[in-house]
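Undergrad: I have a structure I would like to understand better, so I am pasting it below and will then ask my questions one at a time.
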Amino acid sequence: MHARLVLIALAVTLATACQKAPGAATDDGDPPRATASAQMPKVHLTAQDGTDQVVSVEVVRTGAELERGLMYRRHLDPDRGMLFIMGETQVHTFWMKNTYIPLDMLFITQDKTVAGIVENAEPLTLDHRFVDTPSYYVLEVNGGWSAKHGVTGGAKVTFDGVTE
């Protein structure tokens, strides 16, 4: 009986050790698929027609997070994105090294106005992507999202659940 309990305890310990921590990325670099959109922070953008367009976002702000961004991801759900909190207002430059999906990059000022958009940035390049107006935030979404949703430069932005 004692040997059976030891085996059960060992099996439970191994199963627990093999599980990924909650919120850990999957092996393909994608975020955990179990994360519900309802629980994620949101970015609201006012479209040209006045409608509220909403993106559920991962928020990144540390050096390592900012550097990695959406690299190595093979998929991004249609109304998901990544919000970069850059920490200072300046002209920020991005590239698409090791980024497999085309992206729109919305550069947002500290007063939460879209300063400009780089649309459909080509994947897997070292070309520098930026807009001429300084920004404090950058929102990355699937390529074509901005045009599809009528979001342009000058759009107003609000955050829900984003701690700065």
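Counting in our numbering, the sequence shown runs from 123 upward without gaps.
Idealized CB from N, CA, C, for every residue including glycine.
If you're wondering where the values come from, they're calculated on a predicted model, not measured in any experiment.
With DSSP run on the structure shown, which of helix, strand or coil describes His197?
TA: coil
Undergrad: Given this structure, state the Cα-to-Cα distance separating Ser178 from Lys234, to the nearest angstrom.
TA: 17 Å
Undergrad: Using a 10 Å radius around the Cβ and a threshold of 16 neighbouring Cβ atoms, would you call Met193 buried or exposed?
TA: The residue in question, Met193, is exposed, as its Cβ has fewer than 16 Cβ neighbours within 10 Å.
Undergrad: Starting from Arg202, follow the beta strand (DSSP E) in both directions and report where the run begins and ends.
TA: Counting along the chain, the beta strand (DSSP E) containing Arg202 begins and ends at Arg202 to Gln212.
Undergrad: In or out: His271 buried (at least 16 other Cβ within 10 Å) or exposed?
TA: Around the beta-carbon of His271, 16 or more other beta-carbon atoms lie within 10 Å, marking it buried.
Undergrad: Taking C-alpha atoms, which residue in Arg190, Arg202 and Ile239 lies nearest to Ser257?
TA: Ile239
Undergrad: Once you ignore the five residues that flank Ile223 on each side, which residues in its own chain have a CB closer than 8 Å to its CB?
TA: Closer than 8 Å at the Cβ level, and outside the excluded window around Ile223, lie Leu192, Arg195, Arg196, His197, Leu198, Pro245, Asn264 and Gly265.
Undergrad: Give the DSSP-derived three-state secondary structure of His250 in the structure shown.
TA: coil
Undergrad: Could you compute how far the alpha carbon of Thr215 sits from the alpha carbon of Ala160?
TA: Rounded to whole angstroms, Thr215 to Ala160 spans 31 Å at the Cα level.
Undergrad: So who's on the other strand from Tyr259, going by DSSP bridges?
TA: Ile207 and Ile230
Undergrad: Kindly indicate the opening and closing residues of the alpha helix (DSSP H) around Leu188.
TA: Gly185 to Arg190
Undergrad: In the DSSP assignment, the beta strand (DSSP E) including Lys164 goes from what residue to what residue?
TA: For Lys164, the uninterrupted beta strand (DSSP E) segment begins and ends at Lys164 to Thr168.
Undergrad: Whole angstroms is fine: what's the gap from Glu210's alpha carbon to Ala237's?
TA: 15 Å
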